[in-house]
Amino acid sequence: TMMSRLVAVALLFASGLAAKLPQVALGAQGMKVSAQGLGTMGMTAFYGTDPKDAEETNMATLDKAQEMGINFLDTAWIYQHFDSGATNEELVGRAIAKYGRDKWVIASKFGISVGEGGLTFNSSKATIR
25 TMMSRLVAVA
35 LLFASGLAAK
45 LPQVALGAQG
55 MKVSAQGLGT
65 MGMTAFYGTD
75 PKDAEETNMA
85 TLDKAQEMGI
95 NFLDTAWIYQ
105 HFDSGATNEE
115 LVGRAIAKYG
125 RDKWVIASKF
135 GISVGEGGLT
145 FNSSKATIR
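The C-terminal position of the sequence shown is numbered 153 in the working numbering, with every residue numbered one higher than the one before it.
Quick look at the structure:
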């Protein structure tokens, strides 16, 4: 199963026997992504700390991801620190600038907004950027 393969890969890394995560096909177009992706939501949002205070740690995490062969990142506009204005997409953009666009595959979400009534959803063309 997929879970048993991920556990096996994790054990290889923990033991120091694996240098890079294996790449797997994503879809039928030939795109390859790391067997394990990195969700970046908590790097800028939802946990209370100002992302500027965590920039060094966040970039070190993205550096380690590259070192381990992780090329599949998950981000979204909604993953932002609303008080400071720092966005997750800007953080991921700094990693792209550092390593090159060809080193990353980005998964994102769109159409999620924050309004007076809380979260709203709008997947019109106007919300895609």
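Every residue, glycine too, gets a C-beta built ideally from N, C-alpha and C. Bear in mind the structure is a predicted one, so any value in this text is a computation, not a measurement.
Based on the DSSP output, what are the partners of residue i in its beta bridges?
| i | result |
| --- | --- |
| Asp98 | Gly63, Ala131 |
| Ile136 | Phe145 |
Please identify the residue among the options whose C-alpha is closest to the C-alpha of residue i.
| i | options | result |
| --- | --- | --- |
| Thr85 | Gln47, Phe106, Thr68 | Thr68 |
| Thr151 | Ile136, Pro46, Gly141 | Ile136 |
| Leu143 | Tyr103, Glu113, Met55, Ile130 | Tyr103 |
| Ile94 | Lys149, Leu45, Ser108, Ser147 | Leu45 |
| Gly61 | Ser147, Gly139, Lys127, Val138 | Lys127 |
| Val138 | Ser132, Ala131, Asn146 | Asn146 |
| Asp74 | Lys133, Val116, Ala131, Asp107 | Asp107 |
| Asp87 | Gly124, Ala119, Ala43 | Ala119 |
| Glu79 | Leu115, Met65, Gly109, Gln53 | Leu115 |
| Met65 | Ser132, Ser148, Gly141, Ala89 | Ser132 |
| Lys122 | Glu140, Gln90, Thr81, Gly141 | Gln90 |
Secondary structure at residue i, three-state DSSP: helix, strand or coil?
| i | result |
| --- | --- |
| Gly117 | helix |
| Ala89 | helix |
| Lys44 | coil |
| Ala84 | helix |
| Lys52 | The sequence shown places Ala at residue 52, not Lys. Correct three-state label for Ala52: coil. |
Counting only the same chain and skipping the five closest in sequence on each side, list residues whose C-beta sits under 6 Å from that of residue i.
| i | result |
| --- | --- |
| Met111 | Strictly speaking, residue 111 in this sequence is Thr, with Met absent from that position. Counting only Cβ-Cβ distances below 6 Å, and skipping sequence neighbours, we find Gln104. |
Who are the near neighbours of residue i in its chain, counting only those whose CB is closer than 7 Å to its CB and skipping five residues on each side?
| i | result |
| --- | --- |
| Glu113 | Thr99, Trp101 |
| Val57 | Gln47, Val48, Leu50, Asn95, Phe96, Val129 |
Given residue i, which residues of its chain have a CB within under 8 Å of its CB, disregarding the five upstream and five downstream residues?
| i | result |
| --- | --- |
| Phe134 | Ala100, Trp101, Ser147, Thr151, Ile152, Arg153 |
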